[in-house]
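In our numbering, the protein residues as written are 1134 to 1513.
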Ligand SMILES: [Zn+2]
């Protein structure tokens, strides 16, 4: 008997999205409105033209192509009202496909062009999330990102910092900014429970996680949760550093963990470490194809990871740039990789088990969604 799993069914199921970038998930119409308000020049001023300029497809040639869109989205995200609106709308969009819990991430340093403080920037996003939660049946959390690489062009604050700290090279400046970001995150988390985690984003290749040891020490001492982008543009060694030096509780992508798998399961490997310790991989299949981490969905190791019972959570990465929802991601697994209802149920539950909420809240949420998931999947 063949099972029918429609996109509609997947949309109706309670879901998580734990790896989603604020600056990669705006609405096209909002970019146009904000650009108009702030007199910012866009590559196109209509939805169709802007979509062509920002949204990539599976023929995207490289990570560079993929990252170009952020130059545009970041330009319109430099005020408190723009950040509040973007956060609200992202949670609203997710709630429309029954995402019940979402962890949004962003790097505050990328929003300092108007010299807003990191606290002000983070607060704006928190406010947007809180406004959405009052209206929709969604819970949200915030992951604050430090950036692996320093680019003086990203903001006025970066340029000024580079001018003032003339003896620091770019790598030292990146490390310093990540440390400052981590300190602000810890300080704010004492009063604002929405701030629950820290991540390292940006260019993975050539910018090893271990260089950011001090930022992660700050986060560990502040008892926040940790996820690290790793195993996307660089191999398993990057993931090894993320657990060894950064104490990662989850990994962003982790696609190339597959390279550490050996035939003999009894041999201790990084692959087995992830499996045994139940460290979740935030899997973003479409993004991985578009950035050429893998060549096609058939080449993606997700099926292997799933069969090996690694803990996975299905995520979008960038909803605007990839033009996807998390329901779309599940639908691809069903239609192109043959995932069945029971597999979808397992993945959904893995998602809720992997969230950074405090234990009781996580448990309550799981108890709320499991009967709903089973009812929707098996009642017909
Ligand atoms: Zn990401």
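The beta-carbon is built from N, C-alpha and C at its ideal position, and this holds for glycine as well.
Spatial neighbours of residue i in its chain, beta-carbon cut-off 8 Å, leaving aside the 5 residues before and after
| i | result |
| --- | --- |
| residue 1421 | 1365, 1386, 1388, 1427, 1433 |
| residue 1177 | 1183, 1185, 1186 |
| residue 1140 | 1460, 1461, 1464 |
| residue 1498 | 1233, 1234, 1272, 1485, 1488, 1490 |
| residue 1511 | 1474 |
For residue i, the three-state DSSP class (helix, strand or coil)
| i | result |
| --- | --- |
| residue 1362 | strand |
| residue 1240 | coil |
| residue 1323 | coil |
| residue 1212 | coil |
| residue 1226 | helix |
| residue 1134 | Its pLDDT being 46, under 50, residue 1134 is placed unreliably by the model, and nothing is read from it. |
| residue 1234 | strand |
| residue 1332 | strand |
| residue 1198 | helix |
| residue 1397 | coil |
| residue 1190 | coil |
| residue 1338 | coil |
Close-in-space but distant-in-sequence residues of the same chain around residue i (CB under 6 Å, 5 per side omitted)
| i | result |
| --- | --- |
| residue 1484 | 1149, 1446 |
| residue 1235 | 1150, 1227, 1273 |
| residue 1258 | 1216, 1220 |
| residue 1285 | 1291, 1292, 1295 |
| residue 1382 | 1358, 1359 |
| residue 1254 | 1241, 1244 |
| residue 1394 | 1404 |
| residue 1349 | 1379 |
Residue span of the alpha helix (DSSP H) that contains residue i, given as start and end
| i | result |
| --- | --- |
| residue 1248 | Element bounds for residue 1248: n/a, residue is neither H nor E. |
| residue 1169 | 1161-1171 |
| residue 1145 | 1140-1145 |
| residue 1462 | 1459-1470 |
| residue 1177 | From DSSP, residue 1177 is part of no alpha helix (DSSP H); its letter is neither H nor E. |
| residue 1408 | 1403-1409 |
| residue 1509 | 1492-1511 |
Nearest-angstrom Cβ-Cβ length linking residue i and residue j, presumed shorter than 8 Å
| i | j | result |
| --- | --- | --- |
| residue 1241 | residue 1277 | 7 Å |
| residue 1311 | residue 1339 | Contact flag wrong, Cβ pair sits at about 15 Å. |
| residue 1289 | residue 1301 | Contact doesn't hold; Cβ gap of about 17 Å is too wide. |
| residue 1243 | residue 1156 | 7 Å |
| residue 1108 | residue 1412 | Residue 1108 is absent from the model: the chain starts at 1134 and stops at 1513. |
| residue 1160 | residue 1230 | Incorrect: roughly 14 Å between the Cβ atoms, too far for contact. |
| residue 1209 | residue 1167 | 4 Å |
| residue 1315 | residue 1262 | Their Cβ separation, rounded to whole angstroms, is 20 Å, which puts residue 1315 and residue 1262 out of contact at 8 Å. |
| residue 1466 | residue 1472 | 4 Å |
| residue 1368 | residue 1281 | Between residue 1281 and residue 1368 the Cβ distance is about 16 Å, and since that is not below 8 Å, they are no contact. |
| residue 1509 | residue 1145 | 6 Å |
| residue 1306 | residue 1283 | 4 Å |
| residue 1138 | residue 1477 | 7 Å |
Run of the beta strand (DSSP E) containing residue i, from where it starts to where it stops
| i | result |
| --- | --- |
| residue 1484 | Looking at the DSSP string, residue 1484 is not in any beta strand (DSSP E); the run it does join, the alpha helix (DSSP H), is 1474-1486. |
| residue 1153 | 1148-1154 |
Near ligand 3: residue i beta-carbon under 7 Å from a heavy atom
| i | result |
| --- | --- |
| residue 1294 | Summarising the ligand content, the structure contains ligand 1 and does not contain ligand 3. |
Residues near residue i in its chain [Cβ-Cβ closer than 7 Å; skip 5 each side]
| i | result |
| --- | --- |
| residue 1505 | 1147 |
| residue 1247 | 1211, 1212 |
| residue 1357 | 1318, 1319, 1322, 1329, 1330, 1331 |
| residue 1088 | Because the chain here runs from 1134 to 1513, residue 1088 falls outside it and cannot be looked at. |
| residue 1342 | 1333, 1361, 1363, 1371, 1374, 1375, 1378, 1379 |
| residue 1154 | 1238, 1239, 1450, 1451 |
| residue 1252 | 1317, 1321 |
| residue 1391 | 1434, 1437 |
| residue 1344 | 1304, 1308 |
| residue 1418 | 1430, 1433, 1435, 1462, 1465 |
| residue 1158 | 1223, 1451, 1452, 1453 |
**Report entry** Runs of beta strand (DSSP E) lying entirely within the segment 1268-1318, each at least 3 residues, in chain order
**Finding:** 1272-1280
Query raised in the report: Which runs of the beta strand (DSSP E), 3 residues or longer, sit entirely within the segment 1342-1389?
Result: 1358-1363, 1383-1386
Query - alpha helix (DSSP H) runs contained entirely in the segment 1414-1447, provided each spans 4 or more residues - result: 1418-1423, 1435-1440
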